[in-house]
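Engineer: If you scroll down you'll find the structure; I have some questions about it.
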DNA sequence: ACCTCACATGTACCTTGGGACATGTACTTT
DNA sequence: AAAGTACATGTCCCAAGGTACATGTGAGGT
């Protein structure tokens, strides 16, 4: 077949491999996958069902997956093929990892100096609470896995590893937000005007 | 003016506010911004110059920025306007934060069970080294700021906060990778075949 | 018998992101 | 004087993401 998957040099695409990975656990329909994406990968990698169905078609055309069964209301479950399994294994071992973070909270922090100190404090408090909360949820989830609530299969162990990442990252962000609240709000500014910027580099043509 | 920025309900767009934020520090050209994006926000928020120029045009049309000066080789420096400054402040204080992580390393971990134990160990070792390395770089950068190498302006303090986030997150990821290496590689498998999956739902057409 | 809700799959459109390609200018080195 | 490099701005196209819209089915309640 001739389907072009990776533009020329072989860049990776996430949704595709996410779907292959989930299908490697066993057959599932687009609907199932949409839910599992939301439940399991949700906070880490969002995916909407239209994209999922579209991607499934493409994967099917490429021979990476095939229809496993037809169910009640038009339900179509897909099964991963040897080709698909080989592809996700290749991706996991050979394709280099994209390490960019893309965390909006962090991006925003570059511009904290533009915020009123009070607004910033309130913002950081909310952020801290939020991150601490999901960190706690993640910890609870990790504990359940450690108790063996979900068995000891390879999938479960991998989930456990992923959950550990979530725990640590969210906790790190919660700690960070807490720490950030202790950073003094820069020099006292001019007094009458709270806007410290926008003048700079006085005009020449 | 009538330019529609945020599709209906007011969703945020990152590049736009990233540019506004950088311009709030003072006038800069597209070229400058492309470099600053790469140097400062690089690992957190990648942006290519074509997008930057395009976005600058749009921001200019919207009255958020305006041409500040013309330089040597067609160089056009932009300056943020009051409107633009108000917009980024509004974004910072009013717009709710998107907390999704989108970290490929973590996404991959969901599928670690598909990897050969040896490959996985090698992978985790590389990941650990990589994360530890940038964490160290970030720490060095933080130390330089703490020594006051870059002054004590609001911008610098915000940068310091952002760097702290990078430090903590990368360190968390390094620790996570190290921890993950100690997780036993699931049940011993069948012995003759190292591929534990892909059979499920055994074949009929 | 009807209604409603969860299940299930898709199309259409618009925006965003990324890479390739194109163009031209000033400075610096040989 | 020529050549190379860093500066500087952009167009074009395709892939990917996100939202809205459209459609139909089966199970369970009233």
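Chains as they are written, first to last, in the UniProt record's numbering: chain Y, 1 to 205; chain X, 1 to 205.
Backbone N, C-alpha and C define an ideal beta-carbon position, used for all residues, glycine too.
Does DSSP put residue 102 of chain Y in a helix, a strand or coil?
Structural biologist: As a first step, residue 102 of chain Y is located in the first chain; it is residue number 102 there, counting from the start. In this structure, residue 102 of chain Y counts as coil in the three-state DSSP scheme.
Engineer: Assuming residue 65 of chain X and residue 120 of chain X are in contact, meaning their beta carbons sit under 8 angstroms apart, how far apart are those beta carbons, in whole angstroms?
Structural biologist: Here residue 65 of chain X refers to the residue found at position 65 when the second chain is read from its first residue. Here residue 120 of chain X refers to the residue found at position 120 when the second chain is read from its first residue. Actually they are not in contact, since the Cβ atoms of residue 65 of chain X and residue 120 of chain X sit about 48 angstroms apart, beyond 8 angstroms.
Engineer: Mind checking which residues open and close the alpha helix (DSSP H) that includes residue 51 of chain X?
Structural biologist: Taking the second chain and counting its residues from 1, the one referred to as residue 51 of chain X is at position 51. Element bounds for residue 51 of chain X: 49 to 61.
Engineer: Which whole-angstrom value describes the C-beta separation of residue 113 of chain Y and residue 157 of chain X, a residue pair presumed to lie in contact below a C-beta threshold of 8 angstroms?
Structural biologist: To locate residue 113 of chain Y, count along the first chain from 1; it is residue 113. To locate residue 157 of chain X, count along the second chain from 1; it is residue 157. Residue 113 of chain Y to residue 157 of chain X, Cβ: 6 angstroms. Contact.
Engineer: Just to confirm the assignment, what range does the beta strand (DSSP E) spanning residue 183 of chain Y have?
Structural biologist: Position 183 of the first chain, counted from the first residue, corresponds to residue 183 of chain Y. That residue, residue 183 of chain Y, is in no beta strand (DSSP E); it is neither H nor E in DSSP.
Engineer: For a contact defined as C-beta to C-beta under 9 angstroms, what are the partners of residue 43 of chain X on chain Y?
Structural biologist: By 1-based counting over the second chain, the position of residue 43 of chain X is 43. Simply 99, 100, 101.
Engineer: For the putative contact between residue 180 of chain X and residue 161 of chain Y, defined by C-beta atoms under 8 angstroms, what is the C-beta separation to the nearest angstrom?
Structural biologist: Numbered from its first residue, the second chain carries residue 180 of chain X at position 180. Numbered from its first residue, the first chain carries residue 161 of chain Y at position 161. 5 angstroms between Cβ atoms; contact.
Engineer: Using only the alpha-carbon positions, how far apart do residue 4 of chain X and residue 61 of chain X sit?
Structural biologist: If you number the second chain from 1, residue 4 of chain X lands on position 4. If you number the second chain from 1, residue 61 of chain X lands on position 61. With a pLDDT of only 40 at residue 4 of chain X, under 50, the local geometry of the prediction cannot be trusted, and no value is derived from it.
Engineer: Taking Cβ to Cβ, would you say residue 159 of chain X is nearer than 8 angstroms to residue 93 of chain Y?
Structural biologist: Position 159 of the second chain, counted from the start, is the residue given in the question as residue 159 of chain X. Position 93 of the first chain, counted from the start, is the residue given in the question as residue 93 of chain Y. Their beta carbons are not under 8 angstroms apart, which means residue 159 of chain X does not touch residue 93 of chain Y by this criterion.
Engineer: Counting C-beta neighbours from all protein chains within 10 Å, is the total for residue 129 of chain Y 16 or more, i.e. buried, or is it exposed?
Structural biologist: The residue labelled residue 129 of chain Y in the question sits at position 129 within the first chain. The residue is exposed, with fewer than 16 neighbouring Cβ atoms inside 10 Å.
Engineer: Along the chain, where does the alpha helix (DSSP H) containing residue 145 of chain Y start, and where does it finish?
Structural biologist: Along the first chain, read from residue 1 onward, the residue named residue 145 of chain Y stands at position 145. Looking at the DSSP string, the run of the alpha helix (DSSP H) that includes residue 145 of chain Y is 117 to 146.
Engineer: Between residue 208 of chain Y and chain X, is the shortest Cβ-Cβ distance under 8 angstroms, so that the two count as touching?
Structural biologist: No answer is possible for residue 208 of chain Y: the residues shown for chain Y start at 1 and end at 205.
Engineer: Is the separation between the beta-carbon of residue 68 of chain X and that of residue 53 of chain X shorter than 8 angstroms?
Structural biologist: For the purposes of this step, residue 68 of chain X is taken as residue 68 along the second chain, with counting starting at 1. For the purposes of this step, residue 53 of chain X is taken as residue 53 along the second chain, with counting starting at 1. Going by C-beta atoms, residue 68 of chain X is not nearer than 8 angstroms to residue 53 of chain X.
Engineer: Taking 7 angstroms as the limit between beta carbons, can you name the residues of its chain near residue 124 of chain Y, skipping five residues before and five after?
Structural biologist: Locating residue 124 of chain Y in the first chain gives position 124, where the first residue counts as 1. Result list for residue 124 of chain Y: 177, 180, 181, in chain order.
Engineer: Compare the C-beta of residue 119 of chain X with all C-beta atoms of chain Y and state if any pair is closer than 8 angstroms.
Structural biologist: Within the second chain, numbered from 1, the residue matching residue 119 of chain X stands at position 119. Yes, because at least one Cβ of chain Y sits closer than 8 angstroms to the Cβ of residue 119 of chain X.
Engineer: Would a check of beta-carbon distances place residue 62 of chain Y closer than 8 angstroms to chain X?
Structural biologist: Walking along the first chain from the start, residue 62 of chain Y turns up at place 62. No, residue 62 of chain Y lies away from the interface with chain X (no Cβ there is under 8 angstroms from its Cβ).
Engineer: Give the straight-line distance between the Cα atoms of residue 192 of chain Y and residue 87 of chain X, rounded to the nearest whole angstrom.
Structural biologist: The residue you call residue 192 of chain Y lines up with position 192 of the first chain. The residue you call residue 87 of chain X lines up with position 87 of the second chain. Residue confidence for residue 192 of chain Y is low, a pLDDT of 46 falling below 50, so the modelled location carries little weight and cannot support an answer.
Engineer: Helix, strand or coil for residue 158 of chain X? Go by DSSP, reduced to three states.
Structural biologist: Taking the first residue of the second chain as 1, we reach residue 158 of chain X at position 158. Note: residue 158 of chain X maps to helix in three-state DSSP.
Engineer: Return the Cβ separation of residue 210 of chain Y and residue 167 of chain Y in integer angstroms, given the expectation that the two are a contact with Cβ distance under 8 angstroms.
Structural biologist: Because residue 210 of chain Y is not part of the residues shown, which for chain Y are 1 to 205, the question remains open.
Engineer: Hey, how far is the Cα of residue 59 of chain Y from the Cα of residue 49 of chain X?
Structural biologist: The residue given as residue 59 of chain Y occupies position 59 in the first chain. The residue given as residue 49 of chain X occupies position 49 in the second chain. Approximately 32 angstroms, taken between the alpha carbons.
Engineer: Does the beta carbon of residue 111 of chain Y come closer than 8 angstroms to any beta carbon on chain X?
Structural biologist: Within the first chain, residue 111 of chain Y is the residue found at index 111, counting from 1. Answer yes: the Cβ-Cβ gap between residue 111 of chain Y and chain X drops below 8 angstroms somewhere.
Engineer: Return yes when the Cβ of residue 111 of chain Y is within less than 8 angstroms of the Cβ of residue 21 of chain X, no when it is not.
Structural biologist: One-based indexing of the second chain puts residue 21 of chain X at position 21. One-based indexing of the first chain puts residue 111 of chain Y at position 111. Yes; because the gap between Cβ atoms is below 8 angstroms, this pair is in contact.
Engineer: How is residue 75 of chain X classed by DSSP in three states: helix, strand or coil?
Structural biologist: Reading the second chain from its first residue, position 75 is the one you call residue 75 of chain X. Residue 75 of chain X: coil per DSSP, three-state reduction.
Engineer: Compile a chain-ordered list of the residues in the region 81 to 100 of chain X whose CB is closer than 9 angstroms to at least one CB of chain Y.
Structural biologist: Those residues of the region 81 to 100 of chain X that come within reach of chain Y (Cβ to Cβ, closer than 9 angstroms) are 81, 82, 84, 85, 88, 89, 91, 92, 93, 97, 98, 99, 100.
Engineer: Closest Cβ-Cβ distance between residue 192 of chain X and chain Y: below 8 angstroms?
Structural biologist: What you label residue 192 of chain X is simply residue 192 of the second chain in a count that begins at 1. Residue placement at residue 192 of chain X is poorly supported in this model, since its pLDDT is 46, which falls under 50; the coordinates still yield a value, given next. Chain Y, which has no Cβ nearer than 8 angstroms to the Cβ of residue 192 of chain X, makes this no.
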